[in-house]
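Numbering (mature numbering (1 follows the signal peptide of the UniProt record, and there is no 0)), first residue to last: -16 to -1, 1 to 91.
Glycine is no exception: its CB is placed at the ideal position from the N, C-alpha and C atoms.
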Amino acid sequence: MSTFLVALSTYVLAWATVTIEEAQPRATIEAQVNNSINHGGVMSKISHMSGALASVLLLLIILPVLGWVTFLLWTLCFVKTAYEFIEVVLYQLLEKMRKKEEEELPV
């Protein structure tokens, strides 16, 4: 039950962060463009994954067999999402390093 409360709290906090970020004035778009990671997208995915986990944990309490099956599916979805996120972050990091290296080379 405590795991459910942690997952639910994570969902609520991530959802609130995404909602507040969307309500910010458009003047901060330049700051977001300069930042290489899309924090809104990351927080949105965290919100969705933790909300789904909370539902799966409730199902695990009510119907254990079906709960374990859905927990396995949730785990697969989580691993796929984490892999895609890490792939994007590593690509952005390599691009930054490549641009920095090109700037340092004398012409």
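For residue i, three-class secondary structure by DSSP
i        : result
MET81    : helix
LEU43    : helix
MET(-16) : coil
Whole-angstrom C-beta distance between residue j and residue i, which should lie under 8 Å
i     : j       : result
SER34 : ALA(-3) : 6 Å
Between the CA atoms of residue j and residue i - distance to the nearest angstrom
i       : j        : result
LYS84   : THR54    : 45 Å
ILE4    : LEU56    : 32 Å
PHE75   : THR65    : Position check: residue 75 holds Tyr in this sequence, whereas Phe was assumed. The straight-line gap from Cα to Cα measures roughly 15 Å.
THR(-7) : LEU37    : 10 Å
LEU42   : VAL(-11) : 12 Å
GLY51   : TRP58    : 10 Å
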